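Trainee: Counting in the working numbering, the sequence shown tops out at residue 170, every number present.
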Amino acid sequence: MSIPALRQPNLTKKDHEKTPFKLIPDKRDFFIVTLKGGKKLVVSSDAYHGILTAGGFYRCVFCESEMVLDILCKERHKSSQNHRKILENYPHVEEYKENLIRKITASTNYCTVCNVIVLSHFLQKHVLAEAHIKELNKALTRAESYKERISQSDEYPPLSNYNKNKI
Numbered sequence: 004m005s006i007p008a009l010r011q012p013n014l015t016k017k018d019h020e021k022t023p024f025k026l027i028p029d030k031r032d033f034f035i036v037t038l039k040g041g042k043k044l045v046v047s048s049d050a051y052h053g054i055l056t057a058g059g060f061y062r063c064v065f066c067e068s069e070m071v072l073d074i075l076c077k078e079r080h081k082s083s084q085n086h087r088k089i090l091e092n093y094p095h096v097e098e099y100k101e102n103l104i105r106k107i108t109a110s111t112n113y114c115t116v117c118n119v120i121v122l123s124h125f126l127q128k129h130v131l132a133e134a135h136i137k138e139l140n141k142a143l144t145r146a147e148s149y150k151e152r153i154s155q156s157d158e159y160p161p162l163s164n165y166n167k168n169k170i
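1. Which first and last residues belong to the beta strand (DSSP E) in which Cys-114 is found?
2. Say whether the region 127-145 touches the region 102-109, bearing in mind that this needs 3 or more beta-carbon pairs closer than 8 Å, one atom from each stretch.
3. Excluding the 5 residues flanking Phe-60 on each side, which residues of the same chain have their C-beta closer than 7 Å to its C-beta?
4. Whose C-alpha, out of Lys-39, Ser-48, Gly-53, is nearest the C-alpha of Cys-114?
5. Tell me the DSSP secondary structure of Cys-66 in three-state form.
6. Taking Ser-47 as part of the beta strand (DSSP E), name the residues at either end of that continuous run.
7. Under 7 Å Cβ to Cβ from Asn-140, same chain only, skipping five residues before and after it: list those, please.
8. Contact check, Ser-47 vs Phe-33 under 8 Å by CB: the rounded distance?
9. Under 8 Å Cβ to Cβ from Thr-56, same chain only, skipping five residues before and after it: list those, please.
10. Verify whether the separation of the beta carbon atoms of Lys-43 and Ala-146 is less than 7 Å.
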């Protein structure tokens, strides 16, 4: 007799409300960032928090800490009070706010849209590059599809459960 394959159960809106813990994040783990003009961008939670994958580690560009490739360890770091305080010290650069650029040091910046570190003297070139524009358009498109998906489906938790940030 064969054993049926295990699968992750489909959760409804009520299941999400009853769950006492945060489920392991999946591709729906995004931040909705609202810019001053009301324009919305949707970026991954890792990108918003400055988490890069470097070799066999996760690296937080703001805290300058490294973590093993463990999702729970990474999520614990992102939700820690220390990380959130440090993140507040890195606001988006006014001149590049629509591109979600944060200044790390005098010579380095972090592009939240692309999830990369960019040297200051290449920043203008990066923002105008085809790869950045493509990622920016993806973030805008995700914002539109999120509106449609959330309003049409009960499979996703309500928008209030997603992270919303205003810049």
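Cβ atoms here follow ideal geometry from the backbone N, Cα and C, with glycine treated the same way. Note that the coordinates shown come from a computational prediction; the quantities given were computed from them, not determined experimentally.
Mentor: Once the coordinates are examined:
1. Position 111 of the sequence shown, counted from the start, is the residue given in the question as residue 114. 111-114 is the span of the beta strand (DSSP E), which, as asked, contains Cys-114.
2. yes
3. Against the sequence shown, residue 60 aligns to sequence position 57. Excluding residues within five positions, the ones whose Cβ falls inside 7 Å are Glu-69, Met-70, Val-71, Leu-72.
4. Numbered from its first residue, the sequence shown carries residue 114 at position 111. For Cys-114, the nearest C-alpha among the options comes from Gly-53.
5. Numbered from 1 along the sequence shown, position 63 holds the residue referred to as residue 66. Looking at Cys-66 - three-state DSSP - the assignment turns out to be coil, as it is neither helix nor strand.
6. Numbered from its first residue, the sequence shown carries residue 47 at position 44. 43-47 is the extent of the beta strand (DSSP E) around Ser-47.
7. Position 137 of the sequence shown holds residue 140. Excluding positions up to five away in sequence, the list is empty.
8. By one-based count along the sequence shown, residue 47 stands at place 44. By one-based count along the sequence shown, residue 33 stands at place 30. The Cβ separation is near 6 Å, so the contact holds.
9. On the sequence shown, residue 56 is found 53 positions in, with the first residue counted as 1. Correct list, in chain order: Arg-62, Leu-72.
10. Looking up residue 43 in the sequence shown gives position 40. Looking up residue 146 in the sequence shown gives position 143. Result yes, Cβ atoms of Lys-43 and Ala-146 sit closer than 7 Å.
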